[in-house]
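Its first residue numbered 802, the sequence shown is counted upward by one per residue in the numbering used here.
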Amino acid sequence: MRSMMKGVRTRTGIMIALIVLGLQTISRAAVNASLKANRPWNFIVILLDDAGWRDLGFTGNPYIETPHIDRLAEQGMIFTAAHATHPFSAPSRQSMLTGQWPARTAWTRRGELNRPDMPRPNAPYSPTWAPAWTQQRPEFASIAEMLKSKDYATAHIGKWHFGNVGGDVTPESEGFDVNFGGAETTGAIKNYFAPFQGLPGDVDSKPGEYLTRRLTDETLDFIRANRERPFYVQLWHYAPHTPIMAPEKEVQYYREKKERIGDASLNPTYAAMLDVVDQGVGRVLETLEELGIRDRTVILLSSDNGGRELFGSVPITSVDPYRGEKRYTYLGGLRVPMAIHWPGAVQGARSDLPVCIMDFYPTILDIAGVPLPEEQPTDGISLKPLLTTGRQPDLGRRPLFWYNVTALLGDDATPVVPVAALQRGPWRLVRNFGLPPELYHVGDDPGESRNLADRNPEVLAALQKTLAGWLKDTGIALPTPNSQYDPDYVIPRQVSGEILPRDLSPVREWEPGAANSSWRARRMITLARDRGVLRMKSGGVYPVAGTADAEGLTAGRYAVQVELKVATGGRIRFSCHDRKSRTTTVEFFPKRDGSWHTLTGVFEIGHEPESFSLAAPTHLNMGGHYDPSTQPDYIEVRAIRLYRMAYE
802 MRSMMKGVRT
812 RTGIMIALIV
822 LGLQTISRAA
832 VNASLKANRP
842 WNFIVILLDD
852 AGWRDLGFTG
862 NPYIETPHID
872 RLAEQGMIFT
882 AAHATHPFSA
892 PSRQSMLTGQ
902 WPARTAWTRR
912 GELNRPDMPR
922 PNAPYSPTWA
932 PAWTQQRPEF
942 ASIAEMLKSK
952 DYATAHIGKW
962 HFGNVGGDVT
972 PESEGFDVNF
982 GGAETTGAIK
992 NYFAPFQGLP
1002 GDVDSKPGEY
1012 LTRRLTDETL
1022 DFIRANRERP
1032 FYVQLWHYAP
1042 HTPIMAPEKE
1052 VQYYREKKER
1062 IGDASLNPTY
1072 AAMLDVVDQG
1082 VGRVLETLEE
1092 LGIRDRTVIL
1102 LSSDNGGREL
1112 FGSVPITSVD
1122 PYRGEKRYTY
1132 LGGLRVPMAI
1142 HWPGAVQGAR
1152 SDLPVCIMDF
1162 YPTILDIAGV
1172 PLPEEQPTDG
1182 ISLKPLLTTG
1192 RQPDLGRRPL
1202 FWYNVTALLG
1212 DDATPVVPVA
1222 ALQRGPWRLV
1232 RNFGLPPELY
1242 HVGDDPGESR
1252 NLADRNPEVL
1262 AALQKTLAGW
1272 LKDTGIALPT
1282 PNSQYDPDYV
1292 IPRQVSGEIL
1302 PRDLSPVREW
1312 EPGAANSSWR
1322 ARRMITLARD
1332 RGVLRMKSGG
1342 VYPVAGTADA
1352 EGLTAGRYAV
1362 QVELKVATGG
1372 RIRFSCHDRK
1382 SRTTTVEFFP
1392 KRDGSWHTLT
1402 GVFEIGHEPE
1412 SFSLAAPTHL
1422 NMGGHYDPST
1432 QPDYIEVRAI
1442 RLYRMAYE
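Structure (structure tokens):
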């Protein structure tokens, strides 16, 4: 009996101990949960540069592999109808940082479009080119400044490109404690490999270091340093913006995959750029787990504008089935990938409601418990209700607006005029100034190929009224005709085929490969002459050869023909430098097949020429060109001919 009672007491003691231990564990868990619940959310915004809507795995790309981004997106909410607020970089970034339409920012505000002094070469509308920089500092409360009211640590890593609005609008001036790699007007770098030519700041680097990986490193350093306090970090990658450059290991993987698929339109280097971005996302997620803050960190991911399908003759990506690409205010230039992962909110969800990157601003502030600024309008809509309940009916009724101030002449001399656009539900209105309105039902016609304006006058009238009200509300200056526009001005450009324009008189015929040729190396290049052929071998970025043989030439219109052979991708630039220190450049995009081709271009100069130059593509041994499998790092030039064009 005594033995049995001892066993009972032992078992009872064990049970009591287990209960006490369990209660302590539950209590600690409850306390930890309470502490975590009261701890502010961290935020990471990952922005890609020029990534098209279907460039990632979760958007349906069968070629580019992004498993970490896909996992992040699939654990949160994927937005299948996400839009940029502009088809160019700078205004979209302004929009994300301020929560406003780009039409409200200094990028398109006030009277900067009224420029009567536009010279002849420019487009039929002012201004001449997309940036339309006002040199007027915008006044706004940035996302970083707003979060600082809650004691957030803030960092900007990567591309800033706010635009040349004057007043030195930088990450530092807009509330960011840390800035790595961002400057007001830097829209692209020249080299993704160390020493990162074109990257703002004095940056130490290791030989062979790749910028995308370095940006991830800087982001992780900031996160680790601020693990004990709430933080906001925006990792705004330069990738996959040109120049198309990536590490050889990843490029080789996608080159082999391209061969297996058998699709010549695929770009292995572009795919590799996004692959490295994805690797970085994986490292971010792993670090958050290690630090124990993954479940208190909201991650938002998107792109600043639509993708770019071609770089000259070189394919980059596809925006099918949409029309247009980056810089055009059709859906191909506006549709972007987007996903938000908020731990504890809706997971594994997809939304087809219309959203845009401008919505990040109010969404982040709403989750952080920070009121919207009273002194400025907020055009974006908080997506918090959608993320927590999966429903937000008002989003389906919202109109999306765009205003693109771009006015220029395209590569084929076709005028590109300013445009305003509106989308509400399935209907989309595109108003190119000076041209008839375009109305599309994008539900049935996502490629915007069938203009239904004449068939739907009531829909057209209603959308035009809404768009006119928005243009008035945002206070933009409408475009004005350029009184100095000359439709006969010869825009410097490559023309199709090898056929020369009519009424030409030959004025120079250079044989650069001749022993007595006047063409000499100017920068980062080694020249070799063999059997009448000039071989231009790169010694770094932007290699240039040139000649001062311009005696007797006058201002006027010219055509140039270049016979060359190119093994690797890139642009060939022929430039005329006049005696007023002005340069006119024709960009050629040769076929990279290793065969001889004759390329023709036209240009016009207003002063006597002083010299000419030919710039070869950048060739890097580490795979920083379009197809690193073609290892030759040179081009060959057989002849350069210059013709004077007669005036009508």
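In this text, a Cβ means the ideal position worked out from N, Cα and C, and glycines have one as well.
If you draw a 10 Å sphere on the C-beta of D1304, you find fewer than 16 other C-beta atoms in it, and that means exposed.
By the neighbour-count definition (other C-beta atoms within 10 Å, threshold 16), A1047 is a buried residue.
Using a Cβ distance threshold of 8 Å, I1158 and V1099 do not count as a contacting pair. Here S1297 is exposed. Its C-beta has fewer than 16 other C-beta atoms within 10 Å.
Counting along the chain, I1062 sits inside the alpha helix (DSSP H) bounded by residues 1049-1062. Across the structure, D1064 and F1112 are spaced so that their CA atoms are roughly 17 Å apart.
Closest option to D1350, judged by alpha-carbon separation, among L898, P1344, W1320: W1320.
Taken atom to atom, the span from the alpha-carbon of W1203 to that of R1030 is near 38 Å. Contact between the stretch 1181-1194 and the stretch 1248-1266 is not established, with fewer than three Cβ pairs separated by less than 8 Å. In this structure, the alpha-carbon of T1164 lies about 11 Å from that of P1172.
Straight-line measurement puts the Cα of A1254 at about 16 Å from the Cα of G1235.
Between the alpha carbons of P1293 and Q1362 lies a gap of roughly 13 Å.
Using a Cβ distance threshold of 8 Å, A1316 and R1330 count as a contacting pair. A straight line joining the alpha-carbon of P1344 with that of L1328 spans about 10 Å.
Of the residues assessed, D1105 falls on the buried side of the cut-off, its CB having 16 or more other CB atoms within 10 angstroms. Looking from the CA of G1357, the closest CA among R1374, S1306, R1336 belongs to S1306.
Listed in chain order, the beta strand (DSSP E) elements of length 3 or more contained wholly in the stretch 1346-1371 are 1357-1367. The DSSP-derived three-state label of D1096 is helix. By a beta-carbon distance limit of 8 Å, M897 does not contact I1141. Their separation comes to about 13 Å. The beta carbon of G1083 lies closer than 7 Å to those of H869 in the same chain, with the five residues before and after it left out. When the five nearest sequence neighbours on each side are left out, the beta carbons in the same chain lying within less than 8 Å of the beta carbon of L1089 are those of I1024, R1095, T1098, in order along the chain. Beyond the five residues adjoining it in sequence on each side, P1391 comes within less than 7 Å, by CB distance, of L1365, V1367, I1373, H1398, L1400 in the same chain, given in chain order. Using a Cβ distance threshold of 8 Å, P1044 and Y1071 do not count as a contacting pair. Secondary structure of N980 (DSSP, three-state): strand.
Taking 3 residues as the minimum length, the stretch 988-1027 contains no beta strand (DSSP E) run wholly inside it.
For K1058 and Y864, the gap between their C-alpha atoms comes out near 8 Å.
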